[in-house]
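For the sequence shown, the positions run 10 to 164 when our numbering is used.
Beneath this line is the structure, given in structure tokens, with notes to follow.
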Amino acid sequence: MKEKNKNVYVINQSFSFDIRILHCGIERMKNHNLSYTHLDRFVLSYVTEGEGRYLLKKKLYAIKKGDLFLNLPAVIYSQYSLPENPYTYYYVAFQGSACSQLLQQAGLSEFSPVLHLNEPYIEKQMKKFIRNYRKIPFLLLSKPTLLFSIFSRSS
10 MKEKNKNVYV INQSFSFDIR ILHCGIERMK NHNLSYTHLD RFVLSYVTEG
60 EGRYLLKKKL YAIKKGDLFL NLPAVIYSQY SLPENPYTYY YVAFQGSACS
110 QLLQQAGLSE FSPVLHLNEP YIEKQMKKFI RNYRKIPFLL LSKPTLLFSI
160 FSRSS
């Protein structure tokens, strides 16, 4: 009788990959105070330097270099830089029916909107994402594979 490979895992999950990238970029904030209401998209941000605060659902989170944080559609939030150490972050905005499930699998939700990762891979992927977007935005908008790589690394 053959011995079964114990390193093989069967995952019985299925979901749509309906994700549309809307825009992405980098923000370097000196005096930064944003408040939005009812965004119609998710925005995933990765802090590359500095510090700030993020307020979501009356809970205040400290954000700093190496943190990944999430803005959700239809949820009021505020974020601001600390004046003595302003932050810089990469961001990507997206929509789609698969977003909530992928974010949840990565450990992000309205109850857990900040991940303290300090993961150089994510910064590298965000830079690559923005560089590719600037070259051929229509291609990146239709193929969010770099976004999937960020989700998979953060989980």
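Even for Gly, the Cβ is constructed at its ideal location relative to N, Cα and C.
These numbers come from a predicted model, not from an experiment.
Here residue 59 is buried: its Cβ has 16 or more other Cβ atoms, across all protein chains shown, within 10 Å. The alpha helix (DSSP H) runs of length 4 or more contained entirely in the stretch 74 to 145 are, from start to end of the chain, 108 to 114, 129 to 144. The stretch 133 to 146 makes no contact with the stretch 62 to 74: fewer than 3 CB pairs, one atom from each, lie closer than 8 Å. Separation of residue 74 and residue 27 (C-alpha to C-alpha, rounded to the nearest whole angstrom) is 30 Å.
Beta-bridge partners assigned by DSSP to residue 72: 61. Beta-bridge annotation (DSSP): residue 35 is paired with 99. In the assembly as shown, residue 49 is an exposed residue. Its beta-carbon has fewer than 16 other beta-carbons within 10 Å.
Of the residues 113, 65, 104, 61, the one whose Cα lies closest to the Cα of residue 94 is 61. Within the DSSP secondary-structure output, residue 53 pairs in a beta bridge with 79, 101.
Our two residues, residue 82 and residue 51, have alpha carbons roughly 6 Å apart in a direct line. A check of alpha carbon separations from residue 119 across 37, 53, 36, 29 identifies 53 as the nearest.
In this structure, the straight-line span from the alpha carbon of residue 143 to that of residue 98 is close to 17 Å.
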